[in-house]
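> Here you go, one structure.
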Amino acid sequence: MIPMSTSQPTERSETDGGSTTAPVAATTARTDRFDIASRIEFLGSENPYKEYVRARKTYRRAALVLATVGLAMLAGGVLLPAERTVFVALGAIGVYGAVLTYYVTPERFVAANVAERIYGTTADNWSMLASALDLQSIRIYRPGKGTQSPRLCVPRHERGRTLNTVQSTNAPSLEERQDLVLEPIGAALVREIEHTLSGELAQKPAPLAVQLCDGITDQFELASRANPQFDPESDCVTVAISDSAVGPLDRFDHPIPSILATGLATGLERPVKVDVTSADGRADWFVTCQFYTSSADRDRIGGTNEG
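Counting in the numbering used here, the sequence shown tops out at residue 307, every number present.
Structure representation (structure tokens):
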């Protein structure tokens with residue numbers, strides 16, 4: 001008697017009367033779906049760039065037309081002395097319009113996914129460095145002293161002299177207690193926000209937070225929505241962020257929390273501790289910036305007034 005095998009063939013070829021087309025078809029379908037999703041993502045990033053190129057060409061074409069008309073009018077003023085005043089006026093308007101149109105041409109376009117990848121690599125490197133130095137996840141933004149820029153301090157010890165004795169330096173450094181001191185990404189961006197204001201940065205938390213959120217959404221377009229809320233009892237500002245253009249906010253010195261913390265530290269002239277948490281559906285992220293207003297409050301942020 002020939003023993004019968006209890007195992008069943010897992011795959012049958014077409015020559016055996018079976019077919020392998022089902023698993024192949026499933027794999028092909030998954031590949032097609034992946035290709036379609038990748039193509040949609042690629043086209044989504046390409047569309048803003050194409051719009052930018054189109055707008056840039058339109059502006060430059062308009063500037064060329066205005067310059068041509070302006071120069072023609074000036075030439076007409078030379079050839080027709082009787083109407084010189086009118087031609088010179090029209091020519092000046094045309095040339096001025098050409099110069100103005102040329103200089104309001106959109107600046108160079110950088111796709112959001114490119115900016116996110118550049119920032120992501122930098123953030124990963126700094127995170128690995130902080131981990132190698134055995135630093136905490138606490139992020140403290142200090143106002144600058146005099147002409148020096150604000151600083152991001154990453155403390156090694158939760159309780160120490162971090163808030164009150166870390167000095168602002170002109171380069172990344174390790175303080176005597178091995179606290180990492182860096183210039184935050186938000187420092188230069190906050191200066192750009194200041195340049196667009198009719199006055200200076202506000203010196204009170206609520207209006208200052210509004211200025212910074214307007215810069216995030218309207219000026220830099222780093223998020224579609226940024227809604228601030230000031231809690232005077234706990235001395236903190238919480239901002240609900242939606243649709244970040246630079247990926248998750250809970251990474252090292254992300255531009256959005258960095259702008260908020262650096263701006264608050266600069267305007268209020270107080271150290272600011274920042275915490276980022278995922279939201280519950282009303283927004284994507286909550287950025288909480290807590291600051292102290294007197295020496296009695298300093299322990300809430302993790303520092304003491306030693307030395």
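Glycine included, every Cβ here is placed at the ideal spot set by N, Cα and C. All figures in this text were calculated on a predicted structure; none of them were measured in a lab.
Could you check whether L222 and V237 sit closer than 8 Å to each other, using their CB atoms as the reference points?
Here the question's residue 237 lines up with position 237 in the sequence shown. Here the question's residue 222 lines up with position 222 in the sequence shown. No, the Cβ-Cβ distance between V237 and L222 is not below 8 Å.
> Would you mind giving the Cβ-Cβ distance between A283 and V274, rounded to the nearest angstrom? I have them listed as a contact below 8 Å.
Translated into positions along the sequence shown, residue 283 becomes position 283. Translated into positions along the sequence shown, residue 274 becomes position 274. At roughly 16 Å, the Cβ-Cβ gap does not stay under 8 Å, so A283 and V274 are not in contact.
> Where does the unbroken alpha helix (DSSP H) through D214 begin, and where does it stop?
For the purposes of this step, residue 214 is taken as residue 214 along the sequence shown, with counting starting at 1. That run of the alpha helix (DSSP H) goes 205-214.
> Hey, is the segment 140-147 in contact with the segment 120-130, meaning 3+ C-beta pairs nearer than 8 Å?
In short, these stretches do not touch, since the Cβ pair count stays below three.
> How would you call I118, buried or exposed, if buried means at least 16 neighbouring beta carbons within 10 angstroms?
By 1-based counting over the sequence shown, the position of residue 118 is 118. I118 is exposed by the Cβ-count criterion.
> Leaving out five residues before and five after R84 in sequence, what residues of the same chain have Cβ atoms less than 6 Å from its Cβ?
Within the sequence shown, residue 84 is the residue found at index 84, counting from 1. Closer than 6 Å at Cβ, skipping near neighbours: G77.
> Among residues of its own chain, excluding the 5 on either side of E194, which ones have a beta-carbon nearer than 8 Å to its beta-carbon?
One-based indexing of the sequence shown puts residue 194 at position 194. Hits under 8 Å: E200, L201.
> Kindly indicate if chain C contains any beta-carbon less than 8 Å away from that of L189.
Any reference to chain C falls outside this structure, which holds one protein chain only.
> Please name the residue in K204, A188, P232, F230 whose C-alpha comes closest to that of Q215.
Taking the first residue of the sequence shown as 1, we reach residue 215 at position 215. For the sequence presented, residue 215 should be read as Gly rather than Gln. Among K204, A188, P232, F230, the Cα nearest to that of G215 belongs to A188.
> Thinking just about the alpha-carbon of each residue, which of R139, P150, Q148, L135 is nearest to the one in R156?
In the sequence shown, residue 156 corresponds to position 156, counting from 1. When each option's Cα is compared against that of R156, the closest is L135.
> Assign W126 to one of three DSSP states: helix, strand, or coil.
Position 126 of the sequence shown, counted from the first residue, corresponds to residue 126. Residue state, collapsed to three classes: helix.
> Hey, P184 and P150: beta-carbon distance below 8 Å or not?
The sequence position of residue 184 within the sequence shown is 184, counting from 1. The sequence position of residue 150 within the sequence shown is 150, counting from 1. Yes.
> Quick one: using the 10 Å Cβ neighbour count with 16 as the cut-off for buried, is T68 buried or exposed?
For the purposes of this step, residue 68 is identified with residue 68 of the sequence shown, where counting begins at 1. Burial call: exposed.
> Kindly identify the DSSP beta-bridge partner or partners of P228.
Mapped onto the sequence shown, residue 228 falls at position 228. Bridge partners of P228: V239.
> Given that a residue counts as buried once 16 or more other Cβ atoms are within 10 Å of its Cβ, and exposed if not, what is R270?
On the sequence shown, position 270 is the one that residue 270 refers to. Per the 10 Å Cβ criterion, buried.
> For R225, I'd like the list of residues in its chain whose CB is within less than 8 Å of its CB, leaving aside the five on either flank, ordered along the chain.
Walking along the sequence shown from the start, residue 225 turns up at place 225. Counting only Cβ-Cβ distances below 8 Å, and skipping sequence neighbours, we find T217, A240, I241, S242, D243, A283.
> Are there 16 or more other CB atoms within 10 angstroms of the CB of S234, so buried, or fewer, so exposed?
One-based indexing of the sequence shown puts residue 234 at position 234. Counting Cβ neighbours within 10 Å, S234 comes out exposed, since fewer than 16 surround it.
> Along the chain, where does the beta strand (DSSP E) containing L180 start, and where does it finish?
As a first step, residue 180 is located in the sequence shown; it is residue number 180 there, counting from the start. Counting along the chain, the beta strand (DSSP E) containing L180 begins and ends at 180-182.
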